[in-house]
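Working notes for the structure below.
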Amino acid sequence: MILLEILNGSKAGTRWVARQFPFTVGRERTAALALNDDGVWDGHADFNLRPREGCTISGRPEALTLINGQPVESPQRLHSGDLIEIGSVKLRFALGPTRQRSLAWREIFTWVALAALCAGELALIYFVLP
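Below is the structure:
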């Protein structure tokens with residue numbers, strides 16, 4: 000799970016969770032994370048999830064995007080704890096805890112199936128074979 004914590008600006012103190020990739024951060028209404036603060040462009044930055052690289056960010060050439068104080072010029076890999084500056088807004092990038100679905104029903108079914116298989120084998124051994 001990718002988590003962006005908004006540190007300042009009009010949405011300061013809120014956390015935003017990425018539900019699907021790629022997503023855009025910017026001023027436009029279609030942006031997944033819409034920010035209406037100073038210095039934020041319409042489609043300011045794009046986040047993408049790449050299998051071998053992890054989560055990457057690409058900034059628009061005309062819009063200044065910084066990661067830990069350094070400008071982003073090409074898709075750059077993000078690490079948990081990175082400070083992203085988009086216009087006047089500062090965001091903290093984090094990898095959140097993953098949730099695993101409960102597998103209790105599958106486990107119960109597996110044990111019941113194993114017990115039935117063992118009972119069937121015992122029945123074959125004692126009742127079918129002489």
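FYI, in numbering that gives the first Met the number 0 the residues of the sequence shown are 0 to 129.
Here a beta-carbon is modelled for each residue, glycine too, at the ideal position from N, C-alpha and C.
Remember, predicted model here, so these are calculated numbers, not experimental data.
Residue i: which of the options sits nearest, CA to CA?
{"i": "V16", "options": "P96, A114, L123", "result": "P96"}
{"i": "F46", "options": "L121, A118, L90, N7", "result": "L90"}
{"i": "A93", "options": "E106, R105, H78, L102", "result": "H78"}
{"i": "R49", "options": "L123, A103, M0, P21", "result": "P21"}
{"i": "N7", "options": "W110, L116, I83", "result": "I83"}
{"i": "P60", "options": "W40, L2, N67", "result": "W40"}
{"i": "D36", "options": "M0, Q19, A11, L3", "result": "A11"}
{"i": "G53", "options": "A115, P74, Q69", "result": "P74"}
{"i": "L63", "options": "G42, D81, G80", "result": "G42"}
Just the C-alpha distance for residue i and residue j, rounded to the nearest angstrom, thanks.
{"i": "I85", "j": "R51", "result": "25 angstroms"}
{"i": "L113", "j": "R100", "result": "23 angstroms"}
{"i": "V24", "j": "A44", "result": "5 angstroms"}
{"i": "S9", "j": "S87", "result": "10 angstroms"}
{"i": "A31", "j": "G38", "result": "18 angstroms"}
{"i": "I56", "j": "R98", "result": "24 angstroms"}
{"i": "G119", "j": "F108", "result": "16 angstroms"}
{"i": "A33", "j": "R26", "result": "5 angstroms"}
{"i": "Y125", "j": "V111", "result": "21 angstroms"}
{"i": "G80", "j": "Q69", "result": "15 angstroms"}
Going by DSSP, what residue range makes up the alpha helix (DSSP H) through residue i?
{"i": "R105", "result": "103 to 122"}
Quick one: what does DSSP say residue i is sitting in, helix, strand or coil?
{"i": "F196", "result": "Within the shown structure, residues of the chain are numbered from 0 to 129, placing residue 196 beyond reach of any answer."}
{"i": "N47", "result": "strand"}
{"i": "P70", "result": "strand"}
{"i": "A33", "result": "strand"}
{"i": "E61", "result": "coil"}
Which residues share a DSSP beta bridge with residue i?
{"i": "Q75", "result": "I56"}
Can you give me the start and stop residues for the beta strand (DSSP E) that residue i sits inside?
{"i": "F135", "result": "Because the chain is modelled from 0 through 129, residue 135 falls outside the range shown and cannot be assessed."}
{"i": "W15", "result": "14 to 16"}
{"i": "K89", "result": "88 to 94"}
{"i": "L6", "result": "Neither: L6 is in no beta strand (DSSP E) and is coded neither H nor E."}
Nearest chain C C-beta to residue i closer than 8 angstroms, yes or no?
{"i": "R105", "result": "In the structure shown, chain C cannot be found, because there is only a single protein chain."}
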